[in-house]
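Heads up: the sequence shown begins at 1 in UniProt numbering, then just goes up one per residue. Report on one structure; see the data block that follows.
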Amino acid sequence: MRSEIERWNAKYLAANPNPRFEPDPLLVDLAPKLRGGVALDVACGVAHNAMFLAEHGYEVLAVDGSLAALRYARDRLRERPLPVWLVAVDLDRFAPAEAQFDLIVIVRFLDRSLISRLVRGLRPGGLFVCKTFNVNYQRERPAFNPDFLLKPGELARLLRDLQPVATNDAPDIREIETYWIGRRVTA
């Protein structure tokens with residue numbers, strides 16, 4: 001994980017990657033269904049999604065391995081105070097406490113073993129939102145490491161313990177990103 005953290009730090013130190021701090025469009029579309037509570041934004045980067053969730057009634061724990069990204073987020077939160085707590089973590093080892101969150105969001109980050117650890121952190125009735133690149137992304141970026149790309153149907157298998165709410169995860173998907181939203185129905 002150390003080399004990955006260094007790579008992300010270098011990316012964020014080069015230039016602000018999201019100067020407008022816009023949330024992911026999937027979360028914007030989901031906003032009318034968001035009920036507030038306690039949220040976890042995993043691999044939050046500059047915390048643009050965490051800030052959006054805070055504006056929609058959530059207290060947000062935003063975690064990332066990149067200190068450079070978290071500094072951007074911290075500076076932005078000084079300008080607009082919101083209930084967002086930024087924490088640097090090693091995502092290879094991170095595991096939330098059982099049934100702690102009403103919403104867990106992970107966007108454009110894929111660690112298959114982390115996903116199962118995250119699901120345990122959802123409270124009954126909680127939503128899990130996952131969106132990341134799939135194998136179609138290699139059409140645009142052939143050198144991209146295929147280990148970090150979803151295969152068709154993979155999110156459904158990884159999140160099989162959740163009740164599906166919405167997805168574009170299909171064998172004939174043409175988009176370069178796959179999303180899957182699920183709800184935890186049991187404790």
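We treat Cβ as the ideally placed atom computed from N, Cα and C, and that holds for glycine.
Counting only runs that start and end inside the region 29 to 98, the alpha helix (DSSP H) elements of at least 4 residues fall at 48 to 55 and 67 to 79. The Cβ-Cβ distance between L149 and V135 falls below 8 Å. Annotation for A43: D64, L91, I106 and F109 place their beta carbon closer than 7 Å to its own, counting only its chain and skipping 5 residues before and after. The residues V38 and P83, in chain order, have a CB closer than 6 Å to that of E59 in the same chain once the five nearest residues on each side in sequence are set aside.
Here DSSP, grouped into helix, strand and coil, assigns Q100 to coil.
Taking C-beta separations shorter than 7 Å and ignoring five residues to either side along the sequence, the partners of I176 in its chain run F133, N134, N136, Y137 and E140, following chain order.
For V135, the secondary structure class from DSSP, reduced to helix, strand or coil, is helix. Residue burial annotation: V46 is buried, with at least 16 other C-beta atoms found within 10 angstroms of its C-beta.
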